[in-house]
Amino acid sequence: MRVRATAARAVAAAVLAAAVGSAAVPVRAQEDAPPILRGPPPGRVALQSMVVPGWGQVSNRAWIKSVGFLGAYAGLVAWGVDLNQQKQDAAGELNRARGTEDEGFWQLEVGRLEDSRNGKFWLAGLVMLLSMADALVDAHLYKFEETIDADVARGSDGGAEVRLRLTLPIAGNAP
């Protein structure tokens, strides 16, 4: 009975830790193995970025991308709201201009503002999706160690030559 209670507490603690998630939780695969650092859960950071674009990047500690996604999203939504207000004002002018020579102008203006508003909201949705995808990929690649060296030199024929070298750690050879 006592063994089951202890196992149940261990499972509950693991579920709670997974739900709360931390930036780097050491996990031991075996007693003698070195600790493995895991990043935030990818699903959680994607959902965070769906709620508030840039929040998943905060969990991944990508501060500049977080500010960029949040700023782009907030700016597009604010622009869309402003265009909606302008459209409402133009619709009021259209109602006042019924039967006059200005009616055609206001109809075109209402249509133009509505199309522009819809475009801004679609772009805000795209920013949200990009934020979610970026947070998901960054969470999967958290603690991925790689180095990329680039070298640009003059080639033997006088043209430019670009050399790239990607270094990936291999299990057992990691520094």
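Each residue of the sequence shown is one higher than the one before, starting from 690 at the first, in this note's numbering.
No residue lacks a Cβ here, since even glycine has one placed at the ideal position from N, Cα and C.
May I have the straight-line CA-CA distance separating residue i from residue j, to the nearest angstrom?
i	j	result
W768	L815	15 Å
R750	G781	47 Å
A828	M739	15 Å
G710	L736	Per-residue confidence for G710 stands at a pLDDT of 49, beneath the threshold of 50, marking its modelled position as unreliable; no derived number is given.
P715	A763	Caution is warranted here: a pLDDT of 49 is assigned to P715, below 50, making its placement in the model unreliable, and the coordinate value is therefore given only provisionally. Their Cα atoms are separated by approximately 36 Å.
R785	E798	14 Å
R801	L818	26 Å
G848	W795	59 Å
Q746	W752	7 Å
L759	E792	39 Å
Specify, as a first and last residue, the run of the alpha helix (DSSP H) that residue i falls within.
i	result
A813	792 to 829
D846	First-last for D846: undefined, no H or E at that position.
P731	731 to 740
For residue i, which residues from the same chain have a beta carbon less than 7 Å from its beta carbon, with the 5 sequence-adjacent residues on both sides left out?
i	result
R806	G769, L772, N773, K776
So, for residue i: in the same chain, excluding its five sequence neighbours on each side, which residues have a beta-carbon less than 6 Å away from its beta-carbon?
i	result
V841	V851
Quick one, which of the options has its alpha-carbon nearest residue i's?
i	options	result
D823	D804, W795, R787, K754	K754
R854	A839, M817, R843	A839
P729	P742, S748, W744, F810	S748
V756	F833, S820, A849, R843	S820
E803	G743, A779, F794, F758	A779
Quick one: what's got a C-beta closer than 8 Å to residue i's C-beta in the same chain, skipping five residues either side?
i	result
R693	With a pLDDT of only 49 at R693, under 50, the local geometry of the prediction cannot be trusted, and no value is derived from it.
L812	L765
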